[in-house]
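**Q**
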Amino acid sequence: MKLFLIFGVINGFLAVALGAFGTHGLEGKISEKALSTWEKAVNYQMFHTMALLVTGLLASRFQAASLSTAGWLFFVGIALFSGSLYVYATTSVKFFAMVTPLGGLAFLAGWIVLGYAAIKLI
Numbered sequence: 030m031k032l033f034l035i036f037g038v039i040n041g042f043l044a045v046a047l048g049a050f051g052t053h054g055l056e057g058k059i060s061e062k063a064l065s066t067w068e069k070a071v072n073y074q075m076f077h078t079m080a081l082l083v084t085g086l087l088a089s090r091f092q093a094a095s096l097s098t099a100g101w102l103f104f105v106g107i108a109l110f111s112g113s114l115y116v117y118a119t120t121s122v123k124f125f126a127m128v129t130p131l132g133g134l135a136f137l138a139g140w141i142v143l144g145y146a147a148i149k150l151i
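Under the numbering used here, residues 30 to 151 are what the sequence shown spells out, in order.
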């Protein structure tokens, strides 16, 4: 499915850009703890960008609903996990930190579904 490849490319670009922004644009403007939170968001976004790309490549070869499900779970996980951490790091609004675990659950589910698809298809 080309959509997950496109999502992967966009998220890879954003992860690099947001990582650079955190290092060069936020240093000295937010606390060290907030900067560490930002870096965690960047790392998880990049890790799961790779998962999106792998899912997209597998989906281009195999037709399986489970691959689509895994791709969407990774995408939603990036939005909820990394997105909430980016906002939390810059605003310190606790609500956003409470959203983060939902993204983590989406990541975990994505890995389980991707594993299931790989075992079933390969």
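In this text, a Cβ means the ideal position worked out from N, Cα and C, and glycines have one as well.
Predicted, not measured: the structure shown is a model, and the values here were computed from it.
Evaluate Thr52 with the Cβ neighbour count: other Cβ atoms within 10 Å of its Cβ, from every protein chain shown; 16 or more gives buried, anything less gives exposed.
**A** Exposed, since its Cβ has fewer than 16 Cβ neighbours within 10 Å.
**Q** I'd like the span of the alpha helix (DSSP H) that includes Lys149, first residue to last.
**A** Looking at the DSSP string, the run of the alpha helix (DSSP H) that includes Lys149 is Lys123 to Leu150.
**Q** Enumerated in chain order, which unbroken segments of the alpha helix (DSSP H) with a length of 4 residues or greater are wholly contained in the segment 83-125?
**A** Complete alpha helix (DSSP H) runs here, min 4: 94-106 and 112-120.
**Q** Do the segment 65-82 and the segment 115-134 touch if we need at least three Cβ pairs shorter than 8 Å?
**A** With a cut-off of 8 Å, the segment 115-134 and the segment 65-82 count as touching, because enough Cβ pairs lie within range.
**Q** So the alpha helix (DSSP H) Gly37 belongs to, where does it begin and stop?
**A** That run of the alpha helix (DSSP H) goes Lys31 to His53.
**Q** Considering only residues of the same chain and omitting the five flanking positions on each side of Ala99, which have a CB-CB separation below 7 Å?
**A** Excluding positions up to five away in sequence, the list reads Thr84, Gly139, Val142, Leu143 and Ala146.
**Q** In or out: Phe124 buried (at least 16 other Cβ within 10 Å) or exposed?
**A** Phe124 should be labelled exposed.
**Q** Can you list, in chain order, the residues of its chain whose CB lies under 7 Å from that of Ala44, leaving out five sequence neighbours each side?
**A** Cβ within range, chain order: Val71, Gln74, Met75 and Thr78.
**Q** Roughly how many whole angstroms lie between the Cα atoms of Leu47 and Ile107?
**A** One C-alpha to the other measures close to 13 Å.
**Q** Out of curiosity, what's the CA-to-CA distance linking Glu56 and Gly112?
**A** So the two alpha carbons sit approximately 19 Å from each other.
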